[in-house]
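*Asks:* Residue numbers (our numbering): -2 to 122.
In this text, a Cβ means the ideal position worked out from N, Cα and C, and glycines have one as well.
#1: Which residues in the same chain as residue 2 place their Cβ atom closer than 6 Å to its Cβ, once the five residues preceding and following it in sequence are excluded?
#2: Assess contact between the region 36 to 50 and the region 58 to 71, defined as three or more Cβ pairs (one per stretch) separated by less than 8 Å. Is contact present?
#3: Between the region 98 to 116 and the region 72 to 87, do three or more beta carbon pairs fall short of 8 Å?
#4: How close, in whole Å, do the beta carbons of residue 23 and residue 68 come, if the pair is a contact with beta carbons under 8 Å?
#5: Looking at residue 71 and residue 19, is the spacing between their C-beta atoms short of 9 Å?
#6: Could you tell me the alpha carbon to alpha carbon distance between residue 17 and residue 8, rounded to whole angstroms?
#7: In whole angstroms, give me the CA-to-CA distance for residue 32 and residue 59.
#8: In three-state DSSP terms, what is residue 59?
#9: For the putative contact between residue 50 and residue 110, defined by C-beta atoms under 8 Å, what is the C-beta separation to the nearest angstrom?
#10: Where does the unbroken beta strand (DSSP E) through residue 99 begin, and where does it stop?
#11: Please report the distance separating the alpha-carbon of residue 36 from that of residue 88.
In structure tokens form, the structure reads like this:
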């Protein structure tokens, strides 16, 4: 099984618009630092009746990006939030090797972005 993780850390500013007594609206923006890591992929098969293992390894990488979002809050209790994270184009380096000694290296940039939707409820303890 192959697992990949983007771990974004963000910081920025949030601005509040008071629409009326029951509705608040927030917009925010900021910068992100994204840490990208992917686990190895291992494929075991047979070639000419001999077992062969192929392994694909990736290097972890960091990249700067940005965050834009907004929140609508109803009655200071229920909120709906949407955030877009443009996490940059990390330089991904991959090495593919086989158990018979062959090896190749690949390198490329891949745009990473995501949209996060949140529906929540505020409460006090």
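*Replies:* Short version:
#1: Residue 2 sits at position 5 when you count from the first residue of the chain shown. So the qualifying residues of the chain are 34.
#2: Result no; under three Cβ-Cβ pairs closer than 8 Å.
#3: A contact exists between the region 98 to 116 and the region 72 to 87.
#4: On the chain shown, residue 23 is found 26 positions in, with the first residue counted as 1. On the chain shown, residue 68 is found 71 positions in, with the first residue counted as 1. Between residue 68 and residue 23 the Cβ distance is about 4 Å, and since that is below 8 Å, they are a contact.
#5: As a position in the chain shown, residue 19 is number 22, starting the count at 1. As a position in the chain shown, residue 71 is number 74, starting the count at 1. Contact flag set, yes.
#6: The residue given as residue 17 occupies position 20 in the chain shown. The residue given as residue 8 occupies position 11 in the chain shown. Going by the C-alpha atoms only, they are around 28 Å apart.
#7: For the purposes of this step, residue 32 is taken as residue 35 along the chain shown, with counting starting at 1. For the purposes of this step, residue 59 is taken as residue 62 along the chain shown, with counting starting at 1. Separation of residue 32 and residue 59 (C-alpha to C-alpha, rounded to the nearest whole angstrom) is 5 Å.
#8: Here the question's residue 59 lines up with position 62 in the chain shown. For residue 59, the three-state secondary structure derived from DSSP is strand.
#9: In the chain shown, the residue the question calls residue 50 occupies position 53. In the chain shown, the residue the question calls residue 110 occupies position 113. Not quite, the Cβ-Cβ distance comes to about 34 Å (not below 8 Å), so this is no contact.
#10: Translated into positions along the chain shown, residue 99 becomes position 102. Taken as a continuous stretch (DSSP letters only), residue 99 belongs to no beta strand (DSSP E), as it is neither H nor E.
#11: As a first step, residue 36 must be located in the chain shown, where it is residue number 39. As a first step, residue 88 must be located in the chain shown, where it is residue number 91. Just so you know, the alpha carbons of residue 36 and residue 88 end up roughly 16 Å apart.
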